[in-house]
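According to our numbering, the sequence shown holds residues 529 to 770 in order. Before any comments, here is the structure.
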Amino acid sequence: MFRLIFGLCLLLSVYANTEIVNFQVSELYEDEIAVTNSWPVLNHTYAERQLDLIPAPLGSSMEEVCNTGRSNGVDYTACPHELWLLLDLTGNWEKYSRFTLRLSWLASHPVDFSLQIFDAQDLLAHLSQHRNHILNESRPPTHRTRARYARIRAVDIGVLTPYPGSTSSGSTTSQPSPVPFILIVEPLYFGFLPPTVVPVLWYIVVVVIIACIGLPPLIKYLDGLASQARKELYEDAKPKRE
């Protein structure tokens, strides 16, 4: 049974890659950031979204992707190789203090993803040179919130292939296609257990209980059959000896 479960896990890992980040959440006084109002949102009602992202060209450094060449006033949603999301951790999730953000994509896409979690202070520090463009002046400058912000970046790590419009002799660059992925945010039970794992744990518990209850009588029964078979074989062989 355990070999079967292990084999299924290996089979699933062949078809999909996963990037995971766990993070702590507490209620803070934070500035309202206007640019985040247009970002996609994950919350307790819509905890899963299917998105896509164009990876940076092969050979790009993840540290430099969407971090260079920006001047004051540039919209931070303009870089095609990154995606920002708002994580609304209020409502039914207010009783949880730890969460996990999981990004999964097909292994057939040779791409590396980077996941980063920001609170408002970290986000403002990251976008410090754009602070005047980000603060929402129509609302109070501070308020209590459990919001967090996710930054996703992607880099192509595959083999260069020609694309329409490239020269026949080949090109040193390729035009990456958008890579679809699934993004899920979940609270962690007891600070470490995702809800999606609970059914599997219950299944394992049930199997272990059934095994503990059912195996001893089964072993006793089989042992009796084996003893009877040995006895019959001994009886059959006894006349031949005489």
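Idealized CB from N, CA, C, for every residue including glycine. Fair warning: this is a prediction, and the values are worked out from it, not measured in the lab.
DSSP state of residue i mapped onto helix, strand, coil
i: R674; result: coil
i: D647; result: coil
i: L655; result: coil
i: L631; result: strand
i: W612; result: strand
i: L556; result: strand
i: L753; result: helix
i: A682; result: strand
i: V735; result: helix
i: E714; result: strand
i: S566; result: helix
i: V593; result: coil
i: N620; result: helix
i: L721; result: strand
i: L761; result: helix
i: C607; result: coil
i: S697; result: Low confidence applies here, because S697 scores a pLDDT of 45, under 50, leaving its location unreliable and the question unanswered by this model.
i: P727; result: helix
i: S744; result: The amino acid at residue 744 is misidentified as Ser; the sequence shows Pro. It is helical.
Span separating the alpha-carbon of residue i from that of residue j
i: Y762; j: I738; result: 36 Å
i: L613; j: V734; result: 39 Å
i: T673; j: P745; result: 58 Å
i: A772; j: D684; result: Nothing about residue 772 can be reported from this structure: the residues present for the chain run from 529 to 770 only.
i: G752; j: P727; result: 37 Å
i: S566; j: L586; result: 30 Å
i: D616; j: E591; result: 27 Å
i: G742; j: I732; result: 15 Å
i: R659; j: F718; result: With a pLDDT of 47 at R659, under the threshold of 50, the predicted position of this residue should be treated as unreliable, though the coordinate-derived value follows. Going by the C-alpha atoms only, they are around 37 Å apart.
i: F641; j: C740; result: 43 Å
i: N595; j: V563; result: 17 Å
i: A653; j: A678; result: 15 Å
i: S636; j: A544; result: 8 Å
i: L750; j: L581; result: 59 Å
i: S625; j: Q552; result: 6 Å
i: E555; j: W621; result: 12 Å
i: L634; j: L721; result: 24 Å
i: F627; j: L711; result: 13 Å
i: L643; j: G619; result: 24 Å
i: T573; j: I645; result: 20 Å
i: E771; j: Q649; result: Not covered by the structure: residue 771. The range shown for the chain is 529 to 770.
i: P608; j: P583; result: 8 Å
i: S656; j: V593; result: 18 Å
i: K623; j: S632; result: 26 Å
i: D764; j: K748; result: 24 Å
Exposure label - residue i; buried when at least 16 CB within 10 Å
i: V713; result: buried
i: V725; result: exposed
i: I548; result: exposed
i: P568; result: exposed
i: W730; result: exposed
i: I561; result: buried
i: V736; result: exposed
i: R758; result: exposed
i: A682; result: buried
i: S588; result: buried
i: P706; result: exposed
Check: residue i C-beta below 7 Å from any heavy atom of the ligand NAD
i: V735; result: The ligand NAD is not part of this structure, which contains no ligands at all.
Residue i - partner residues in DSSP beta bridges
i: P708; result: D580
i: A544; result: L634
i: D640; result: V683
i: R626; result: Q552
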